[in-house]
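Numbering (this note's numbering), first residue to last: 18 to 87.
Note that the Cβ used here is the ideal one computed from N, Cα and C, for glycine as well.
Just so it is clear, the structure is predicted and the values come from calculations on it, not from any experiment.
Working notes, beginning with the structure itself.
Structural data, given as structure tokens:
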């Protein structure tokens with residue numbers, strides 16, 4: 018995510034930059050959207066909040082997955 022863009026823009030990397038790999042190139046200053054355990058998200062809201070809200074209105078069921086859901 019580029020937080021210098023207005024509105025924030027999402028970029029999809031074609032390679033893994035998580036802790037599972039030795040490839041940690043963040044030379045662009047972009048932030049990842051993965052919130053690891055113990056971290057706090059940096060974005061104010063989801064990037065496509067309007068689209069997410071519209072999809073939720075049409076859904077019969079919403080399944081939430083995550084290790085922090087209690």
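- Task: Please report the residue range of the alpha helix (DSSP H) in which residue 68 lies.
- Result: Numbered from its first residue, the chain shown carries residue 68 at position 51. Note, residue 68: alpha helix (DSSP H), 66-75.
- Please name the residue, chosen from 83, 77, 22 and 78, that lies closest to residue 55 on a Cα-to-Cα basis. If you number the chain shown from 1, residue 55 lands on position 38. Comparing Cα positions, the closest option is 83.
- Which whole-angstrom value is the C-beta distance of residue 79 and residue 73, which I expect to be below 8 Å? Position 62 of the chain shown, counting from 1, holds the residue named residue 79. Position 56 of the chain shown, counting from 1, holds the residue named residue 73. Confirmed, Cβ separation roughly 6 Å.
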